[in-house]
Amino acid sequence: MLNDPRSHGLWERTAPPAPATSPLKGKSTADVVIVGGGYTGLSAALHLAERGTNVVLLEAAEIGFGGAGRNVGLINAGMWVMPDNFSLELGEDYGERALELLGNGPYLVREMIAKHGIACELETNGTLHCAVGQDGMTELEERARQWQKRGAPVSVLNAAETERRIGTSAYAGSLLDMRAGTLQPLAYARGLAHAAAKAGAKLHTGSPVISTGEANGRKIVRTAEGEVSADWIIIATDAYSTGPWAQVRREQVHLPYFNLATAPLSANLRRSILPNSEGCWDTKEVLSSFRMDQAGRLVFGSCGALRGTGISIHKAWARRSLKRLFPQLGEVEFEAEWYGKIGMTDNALPRFHRFGENVIGFSGYNGRGISPGTTFGKVLAHHILGEIAEKDLPLPLTEVQEAAFRSAKEAYYEAGAQIAHFTGERF
Ligand SMILES: Cc1cc2nc3c(=O)[nH]c(=O)nc-3n(C[C@H](O)[C@H](O)[C@H](O)COP(=O)(O)OP(=O)(O)OC[C@H]3O[C@@H](n4cnc5c(N)ncnc54)[C@H](O)[C@@H]3O)c2cc1C
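So this is what it looks like as structure tokens:
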């Protein structure tokens, strides 16, 4: 994608092609224009087009260019926020509604993949949130208790069972979530794009929206070479927002996150490391994540940007960490490396915004956007179709608020990850 091996790495190499698309040219009309070709925009486009709505989707670069093509591929249920804290943050009604919807989000992802025959390496053997020490275990036990009282299929595994599943004795235990799983994130985005195009949505790539306006009571969005007038605009640009809705990006603090992929492991190693292909991450503040792709590559990631001094520091740390976690791997070389920006909000929960009459969007998934993007895209479609009233949406309407000390926090995250990884696993 755009000839940058550090933007979409392994996913670019192994995803099936996106549908053929071209930049928007000339004037056109639509019922709904969607800005952004990630999970939120594509899910909205697909659900609207399936119902006969005339949809035009405008993507600045390529399908899946933002977080959708760069992420780890963990199909999470819920957010980082503890289940009970949803209501504390959002109030009882919104809190429980959002929690239920996001907890069941992975089931919608599976349904979309099955319904549209999307080839995206789906694995449904759950995820393991891995406890680092007793503090990590205490956190996971509380998280499990809060989900279990809501009937969610989660369980706490002891150290021995965790070791049997992962192939390392590094963890005190783990939280198994059977709703969750893994997929090839760019393949999923491209699959949604194929399904949306097949349903009749018009997708244009290389089409950054640069301005917006109104004429004759209709909304207008303009790109360098074209414009669309519509009744509704969906803003689905999230952390990669540019143009008229760049304020969405400024509401978030960006946390850089990288991934490194090994060559496919031998059959012997596959039997000892994640034989069931659960997706994993740990309870550390500067967390690590790891998962298998379908060819048996181990994809290992953590906070940090692969640029400047970060490249050698993070890669050297990853080699040391893998040696400690999985000594059976021996010396590790990486076949692919890439990174992206995770958009964090101040309370770690997503946002619903209205940018003008009939101009709406969800954003701010805090590194958990596969299920929420798919789910909220569907919710936006049903809202526009008149089937969900604004008061019944999963999140309250809020004003966009510039993140406090954003630049300083972003510099701190990038430098802090380098410091943590320079010293980590060394002594
Ligand atoms: C490194 C990394 C790891 C992550 N790991 C996970 C994970 O394991 N599991 C998980 O669930 N989530 C994960 N996430 C988060 C997830 O990828 C995002 O939350 C998700 O992609 C958001 O979807 P979206 O459709 O809202 O936005 P995006 O996927 O970011 O798409 C937004 C699109 O809008 C386009 N755009 C922006 N401005 C304009 C404009 N002016 N005109 C036209 N188009 C525009 C961008 O080019 C982009 O393609 C991770 C993110 C990153 C970066």
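Be aware that the sequence shown starts at 707, since it is given in my numbering, and climbs by one per residue.
By construction, the Cβ of each residue, glycine as well, lies at the ideal position given by its N, Cα and C atoms.
Query - Alpha-carbon spacing of Ala901 relative to Phe1128, whole angstroms - result: Distance between Ala901 and Phe1128, taken at the CA atoms: about 44 Å.
Query raised in the report: What's the C-alpha gap between Ile740 and Glu931?
Result: Going from the Cα of Ile740 to the Cα of Glu931 covers about 17 Å.
Report task. Under 8 Å by Cβ, that's how I've got Leu961 and Ile1017 pegged, so tell me the actual separation to the nearest angstrom. Result -> Ile1017 and Leu961 do not touch by the CB rule: their CB atoms are close to 18 Å apart, not below 8 Å.
Query raised in the report: Buried or exposed: Ser995, going by 16 or more other Cβ atoms within 10 Å of its Cβ?
Result: Ser995 is buried by the Cβ-count criterion.
Query - Through-space distance from Val761 to Arg977, alpha-carbon basis - result: A direct Cα-to-Cα measurement between Arg977 and Val761 gives close to 47 Å.
Requested in this report: Could you pull the start and end residues of the alpha helix (DSSP H) that Asp944 belongs to?
Outcome: Careful: Asp944 lies outside any alpha helix (DSSP H) and carries neither H nor E.
Query raised in the report: Which word fits Trp1023, buried or exposed, when buried means at least 16 other C-beta atoms lie within 10 angstroms of its C-beta?
Result: Buried, since its Cβ has 16 or more Cβ neighbours within 10 Å.
Requested in this report: Scan the region 778-850 and note each continuous beta strand (DSSP E) run of 3 residues or more that stays entirely inside, going in chain order.
Outcome: Those beta strand (DSSP E) runs which fall completely within the region 778-850 and span 3+ residues are 833-837.
Query raised in the report: Which partner residues does Leu763 have in the DSSP bridge list?
Result: Ile740 and Leu909, per the DSSP bridge assignment.
Query - Alpha-carbon spacing of Gly743 relative to Ala866, whole angstroms - result: Within the model, the alpha-carbon separation for Gly743 versus Ala866 is close to 43 Å.
Query - Contacting residues, own chain, Cβ-Cβ under 6 Å from Gly801 (five flanking each side not counted) - result: The answer, listed in chain order, is Phe792 and Ser793.
Query raised in the report: Quick one: is the Cβ of Lys1047 within less than 8 Å of any heavy atom of ligand 1?
Result: At least one heavy atom of ligand 1 is nearer than 8 Å to the Cβ of Lys1047, so yes.
Requested in this report: Report all residues from its chain with a CB closer than 7 Å to the CB of Gln1107; omit the five preceding and five following residues, and keep chain order.
Outcome: Within the same chain, Gln1107 has close Cβ partners Glu957.
Query raised in the report: So, is the C-beta of Gly912 closer than 9 Å to a C-beta in chain B?
Result: Within the model displayed, chain B is absent; a lone protein chain is all it includes.
Query raised in the report: Beta carbon of Val778: closer than 8 Å to some heavy atom of ligand 1?
Result: Flag set: Cβ of Val778 near ligand 1.
**Report entry** Where Ala1011 falls, given that 16 or more other Cβ within 10 Å makes a residue buried
**Finding:** By the neighbour-count definition (other C-beta atoms within 10 Å, threshold 16), Ala1011 is a buried residue.
Query raised in the report: For Ala903 versus Ala825, is the C-beta spacing smaller than 9 Å?
Result: In this structure, Ala825 does not lie closer than 9 Å to Ala903 by Cβ.
Query raised in the report: If you count every other CB in all the chains shown that lies within 10 Å of the CB of Gly732, and 16 or more means buried, which is it?
Result: The residue in question, Gly732, is exposed, as its Cβ has fewer than 16 Cβ neighbours within 10 Å.
**Report entry** Proximity below 9 Å, CB of Tyr745 to CB of Gly1075
**Finding:** Against a cut-off of 9 Å, the Cβ pair of Gly1075 and Tyr745 comes out as a contact.
Query raised in the report: Measuring CB to CB, does Ala703 end up less than 9 Å from Gly775?
Result: Outside the displayed span of the chain (707 to 1133) sits residue 703, for which this structure offers no information.
Requested in this report: Use the C-beta contact count for Ser913: other C-beta atoms within 10 angstroms, 16 or more gives buried, fewer gives exposed.
Outcome: Buried, by the Cβ-count rule.
Query - Residue span of the alpha helix (DSSP H) that contains Ser978, given as start and end - result: Ala973 to Ser978 is the extent of the alpha helix (DSSP H) around Ser978.
Query raised in the report: What is the DSSP secondary structure of Thr968, reduced to helix, strand or coil?
Result: It is a strand residue.
Report task. Would you mind working out which of Trp853, Tyr877 and Asp737 sits nearest Leu863, comparing C-alpha positions? Result -> That would be Tyr877, whose Cα lies nearest to the Cα of Leu863.
Query - Backbone secondary structure at Tyr877 - three-state DSSP - result: Shown here, Tyr877 sits in coil according to DSSP, grouped into three states, outside any helix or strand.
Query raised in the report: Opposite Pro962 in the DSSP bridges: which residues?
Result: Bridge partners of Pro962: Lys1047.
Query - Delimiting residues of the beta strand (DSSP E) encompassing Glu933 - result: For Glu933, the enclosing beta strand (DSSP E) covers residues Gly932 to Ala936.
Requested in this report: Starting from Ile1019, follow the alpha helix (DSSP H) in both directions and report where the run begins and ends.
Outcome: First-last of the alpha helix (DSSP H) with Ile1019: Thr1015 to Leu1031.
Report task. Below 6 Å CB to CB, which residues in the same chain sit around Thr868 once its five sequence neighbours on both sides are set aside? Result -> Cβ within range, chain order: Tyr877, Gly879 and Ser880.
Query raised in the report: Measuring CA to CA, which of Asp841, Leu752, Ala783 and Asn782 is closest to Lys990?
Result: Checked all of Asp841, Leu752, Ala783 and Asn782; the closest Cα to Lys990 is Asp841.
**Report entry** Cβ neighbour criterion (16 or more within 10 Å) applied to Ile781
**Finding:** Buried, by the Cβ-count rule.
Query raised in the report: Just how far apart, CA to CA, sit Gly1067 and Leu763?
Result: Going by the C-alpha atoms only, they are around 14 Å apart.
Query raised in the report: Quick one: is the Cβ of Ala930 within less than 8 Å of any heavy atom of ligand 1?
Result: Ala930 Cβ: outside cutoff for every heavy atom of ligand 1.
Query - Boundaries (first-last residue) of the beta strand (DSSP E) holding Val860 - result: It spans Val860 to Asn864 - the beta strand (DSSP E) in which Val860 sits, taken as one unbroken run.
Query raised in the report: From what residue to what residue does the alpha helix (DSSP H) around Ser983 run?
Result: Judged by DSSP secondary structure, Ser983 falls outside any alpha helix (DSSP H); it is assigned neither H nor E.
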